[in-house]
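Each remark here refers to the structure printed beneath this line.
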Amino acid sequence: MNPVLVGVLAVVGAPIVGGLLMGMDRRLTARLQGRMGPPILQPFYDILKLAGKRPMACNAFQGISASVYLMTSILGVLMFVLGQDLLVLLFVLALGAVMLILGGFSVKSPYSQLGSQREVLQMLAYEPLLVFMVVAVYLHTGSFAAESVFRLDRPLLLSMPAFLFTQTLVMAIKLHKSPFDVSASHHAHQEIVRGIYTEFSGLQMALIELAHLYELVLLLGFVWSLWHTNWVIGAILALAAYVATILVDNVTARMTWRWLVAYTWTWGAGLAAANLAFIYWTIREPR
Amino acid sequence: MSILSKARARSPWILHFDAGACNGCDIEVLACLTPVYDVERFGMMNIGNPKHADVLLVTGTCNLRNARVLRNLYAQMPEPKAVVAIGACALSGGVFHECYNVLGGVEGIIPVDVWVPGCAPKPEAIIEGAVMAVERMQARAAKAKAKDEGHDG
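As given, the protein sequences belong to chains A and B, one line each in that order.
In terms of our numbering, the first sequence is residues 800 to 1086.
In terms of our numbering, the second sequence is residues 292 to 444.
Next comes the structure, spelled out in structure tokens:
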């Protein structure tokens, strides 16, 4: 397919798919709590409404940080669908996450400051897992390019089962799901007031919410790529991982940041490292 | 109806401030979130942050200590916004009207759009009040827009 067409489709389609999935999340969460829940299109209403509020910025940097966060999320989706370098993709995502954190730090509100500090700890928790994933891809294909994964003729999951778990973990942390929601909660809107998002309002918040939709699609894309040879199985895997994070979100409470880092660095990084060792010693492909 | 005003009508985020109520009204406000009433059906969410809020629900009497807090919260909400005063105390001071530290209802502190009477009002009445507040907010936003366009032309 024409790469320009793929890129345009991804940039236009990702927020639509992400928004519907996010709406499904809100609905499913409500049902698990014995409520009807909002319409599936609710995330779109929320983003539109936020974009239509009168601007009320604390400083100019907040707008810059929200915009860069959105741009890096779009760029991340684009790089993934066009089969670009996964390592650079991680750096781009990290740049966006750090810009959002700096935006949180740029105001004096203690809630925003606390949320930003905790977002740094969340990054500390999930970044190694993403890097392990890329290293595993490199051991398989001898390349960091996402394209090299798409060219493999057997699914990655068969040799990298632990990465289904770690990618689900990364998704739960990135989406601020319990028990990993130390910086701001996805559904609970009153915990440490809104954490890192406390001081973002109106259009800035709309940009951040839109970026979340792109990020959700990208994270599901990572899970999907574990079984890229068959679209249906890949999609089922991604959806199962997403539903698992929603279920865990609803049956657990927020844990401390110490637990978060300890858990991801032992279970997450431990399993990923064990899987890496397995790949290295058994089925390393000839370069 | 434009897409924006439809989105506004379907996603009013609510900030709840207790200006010294007996907690009767607050229990009824929180009852709106429970499975029985479930205001999230209408896209309403109870958020603890004035910067994300559209509708401010105030319960209880205003006094000398918390009037400043209430003004501050109202000022931090980005336009368009609306205020609902809930319960007898928020309307007029209620049974505390004659107390030495009570300023009376919310109206003297911040502009109120909808008054929901009762001691305490039923959750249905609170939901109706919030919906009416959204309508008032919409009308005001439309008026402000028409005024802006008038100035441009």
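Glycine included, every Cβ here is placed at the ideal spot set by N, Cα and C.
Q) Is histidine 343/B close to chain A, meaning its C-beta is less than 8 Å from at least one C-beta of that chain? A) Taking the second sequence and counting its residues from 1, the one referred to as residue 343/B is at position 52. It does: the Cβ of histidine 343/B has a partner Cβ on chain A nearer than 8 Å.
Q. Excluding five sequence neighbours on each side, which residues of the same chain lie with their C-beta closer than 6 Å to the C-beta of aspartate 317/B?
A. For the purposes of this step, residue 317/B is taken as residue 26 along the second sequence, with counting starting at 1. Answer for aspartate 317/B: Asp309, Thr350, listed in chain order.
(Q) Rounded to whole angstroms, what is the Cα-Cα separation between glutamate 946/A and asparagine 1029/A? (A) The residue you call residue 946/A lines up with position 147 of the first sequence. The residue you call residue 1029/A lines up with position 230 of the first sequence. For glutamate 946/A and asparagine 1029/A, the distance between alpha carbons rounds to 16 Å.
Q) Nearest to serine 864/A by CA position, among Leu1012/A, Ala1005/A, Gly1067/A, is which residue? A) The residue given as residue 864/A occupies position 65 in the first sequence. Among Leu1012/A, Ala1005/A, Gly1067/A, the Cα nearest to that of serine 864/A belongs to Ala1005/A.
Q) Name the chain B residues whose beta carbon is nearer than 7 Å to that of leucine 847/A? A) In the first sequence, counting from the first residue as 1, residue 847/A sits at position 48. The answer, in chain order, is Ile294, Leu295, Ala298.
Q | Pair within 8 Å by beta-carbon distance, methionine 800/A and lysine 342/B | A | Numbered from 1 along the first sequence, position 1 holds the residue referred to as residue 800/A. Numbered from 1 along the second sequence, position 51 holds the residue referred to as residue 342/B. No, the pair does not count as a contact, with Cβ atoms beyond the cut-off.
Q. Nearest chain A C-beta to aspartate 439/B closer than 8 Å, yes or no?
A. Translated into the one-based positions of the second sequence, residue 439/B becomes position 148. Not one chain A Cβ lies under 8 Å of aspartate 439/B.
Q) Excluding the five sequence neighbours on either side, which residues of its own chain have a C-beta within less than 7 Å of the C-beta of leucine 896/A, listed in chain order? A) Within the first sequence, numbered from 1, the residue matching residue 896/A stands at position 97. It should be noted that the sequence gives alanine, not leucine, for residue 896/A. Answer for alanine 896/A: Met922, listed in chain order.
Q) Would you report the Cα separation of glutamine 912/A and glutamine 966/A, rounded to the nearest angstrom? A) On the first sequence, position 113 is the one that residue 912/A refers to. On the first sequence, position 167 is the one that residue 966/A refers to. Computed Cα separation, rounded: 28 Å.
**Q.** Within chain B, partners of serine 1107/A - CB distance below 7 Å
**A.** Because residue 1107/A is not part of the residues shown, which for chain A are 800 to 1086, the question remains open.
**Q.** Start-to-end residues for the alpha helix (DSSP H) that takes in isoleucine 839/A
**A.** As a working note, residue 839/A is residue 40 in the first sequence. Premise fails: isoleucine 839/A is in no alpha helix (DSSP H) and is neither H nor E.
Q.
At the 8 Å Cβ level, is glycine 914/A part of the contact set with chain B, yes or no?
A. Taking the first sequence and counting its residues from 1, one reaches residue 914/A at position 115. For glycine 914/A, the answer is no, since every Cβ of chain B falls outside 8 Å of its Cβ.
Q) Exposed or buried, which one is tyrosine 752/A when buried takes at least 16 other CB atoms within 10 Å? A) Residue 752/A is absent from the model: chain A starts at 800 and stops at 1086.
Q | proline 909/A: contacting residues in chain B (beta-carbon distance under 9 Å) | A | To locate residue 909/A, count along the first sequence from 1; it is residue 110. Residues of chain B passing the Cβ test: none, with the nearest at roughly 13 Å.
Q | Where the region 307-329 of chain B meets chain A: residues whose CB sits under 7 Å from a CB there | A | Pro326, Asp329
(Q) Let me confirm a value: arginine 299/B is counted as buried when at least 16 other C-beta atoms fall within 10 Å, else exposed. Which label applies? (A) What you label residue 299/B is simply residue 8 of the second sequence in a count that begins at 1. Buried.
Q. Would you call glutamate 415/B buried or exposed, if buried means 16 or more other Cβ atoms sit within 10 Å of its Cβ?
A. Within the second sequence, residue 415/B is the residue found at index 124, counting from 1. Glutamate 415/B is exposed by the Cβ-count criterion.
Q) So alanine 379/B and cysteine 410/B are in contact, right, with Cβ under 8 Å, and what is the actual spacing, rounded? A) The residue given as residue 379/B occupies position 88 in the second sequence. The residue given as residue 410/B occupies position 119 in the second sequence. Between cysteine 410/B and alanine 379/B the Cβ distance is about 5 Å, and since that is below 8 Å, they are a contact.
Q | Rounded C-alpha distance that separates cysteine 313/B from alanine 381/B | A | Here residue 313/B is taken as the residue at index 22 of the second sequence, counted from 1. Here residue 381/B is taken as the residue at index 90 of the second sequence, counted from 1. For cysteine 313/B and alanine 381/B, the distance between alpha carbons rounds to 11 Å.
Q: Could you name the residues of chain D that proline 369/B contacts, counting a contact when the two beta carbons are closer than 8 Å?
A: This model lacks chain D altogether; the protein chains it does include are A and B.
**Q.** CB contact below 8 Å: alanine 742/A versus chain B
**A.** Since the first and last residues shown for chain A are 800 and 1086, residue 742/A lies out of range.
(Q) Classify tyrosine 391/B: buried if its beta carbon has 16 or more other beta carbons within 10 angstroms, exposed otherwise. (A) Working through the second sequence from its first residue, we reach residue 391/B at position 100. Per the 10 Å Cβ criterion, exposed.
**Q.** For methionine 336/B, three-class secondary structure by DSSP
**A.** Counting from one through the second sequence, the residue named residue 336/B turns up at place 45. Methionine 336/B falls in the strand class under three-state DSSP.
Q.
Using only the alpha-carbon positions, how far apart do alanine 1068/A and leucine 928/A sit?
A. In the first sequence, residue 1068/A corresponds to position 269, counting from 1. In the first sequence, residue 928/A corresponds to position 129, counting from 1. Going from the Cα of alanine 1068/A to the Cα of leucine 928/A covers about 6 Å.
(Q) Please state the DSSP three-state secondary structure of aspartate 309/B. (A) Locating residue 309/B in the second sequence gives position 18, counting from the first residue. Note: aspartate 309/B maps to strand in three-state DSSP.
Q. In chain order, what residues of the same chain lie with their CB nearer than 8 Å to the CB of glycine 914/A, ignoring the 5 residues before and after it?
A. Along the first sequence, read from residue 1 onward, the residue named residue 914/A stands at position 115. Closer than 8 Å at Cβ, skipping near neighbours: Gly903, Ser982, Ala983, Ile991, Arg993, Gly994, Ile995, Tyr996, Thr997.
Q: Assess, as a yes-or-no matter, whether the region 364-376 of chain B is touched by the region 399-407 of chain B under the definition of 3 or more beta carbon pairs within less than 8 Å.
A: yes
Q: Quick one: list the residues of chain B neighbouring valine 992/A, beta-carbon separation under 8 Å, in chain order.
A: Within the first sequence, numbered from 1, the residue matching residue 992/A stands at position 193. Gly339, Asn340, listed in chain order.
(Q) For a test of the three-state rule: what should DSSP assign to alanine 380/B, helix, strand or coil? (A) If you number the second sequence from 1, residue 380/B lands on position 89. Sequence inspection shows cysteine at residue 380/B; the alanine mentioned does not correspond to that position. Of the three classes helix, strand and coil, the one that applies to cysteine 380/B here is helix, per DSSP.
Q: Evaluate lysine 848/A with the Cβ neighbour count: other Cβ atoms within 10 Å of its Cβ, from every protein chain shown; 16 or more gives buried, anything less gives exposed.
A: Residue mapping note: residue 848/A aligns to position 49 of the first sequence, counting from 1. Buried, by the Cβ-count rule.
Q) From proline 371/B to alanine 432/B, what distance separates their C-alpha atoms? A) The residue you call residue 371/B lines up with position 80 of the second sequence. The residue you call residue 432/B lines up with position 141 of the second sequence. So the alpha carbons of these two residues sit roughly 6 Å apart.
Q: Taking only the alpha-carbon atoms, compute the straight-line gap between tryptophan 1064/A and alanine 1073/A and give it to the nearest angstrom.
A: As a working mapping, residue 1064/A is identified with position 265 in the first sequence. As a working mapping, residue 1073/A is identified with position 274 in the first sequence. Each residue's alpha carbon lies about 13 Å from the other.
(Q) Rounded to the nearest angstrom, what separates alanine 1040/A and isoleucine 972/A at their Cα positions? (A) Taking the first sequence and counting its residues from 1, one reaches residue 1040/A at position 241. Taking the first sequence and counting its residues from 1, one reaches residue 972/A at position 173. Approximately 13 Å between the Cα atoms of the pair.
**Q.** Same chain, Cβ closer than 7 Å to proline 760/A, neighbours up to 5 away in sequence not counted
**A.** Coverage of chain A is limited to positions 800 through 1086, which leaves residue 760/A absent and any answer about it impossible.
Q. In three-state terms, what does DSSP make of cysteine 316/B?
A. Here residue 316/B refers to the residue found at position 25 of the second sequence. DSSP places cysteine 316/B in helix when its eight states are reduced to three.
Q. Using CA coordinates, which residue listed in Leu1046/A, Cys857/A, Trp1023/A is at the minimum distance from isoleucine 1035/A?
A. The residue given as residue 1035/A occupies position 236 in the first sequence. For the residues Leu1046/A, Cys857/A, Trp1023/A, the minimum Cα distance to isoleucine 1035/A belongs to Trp1023/A.
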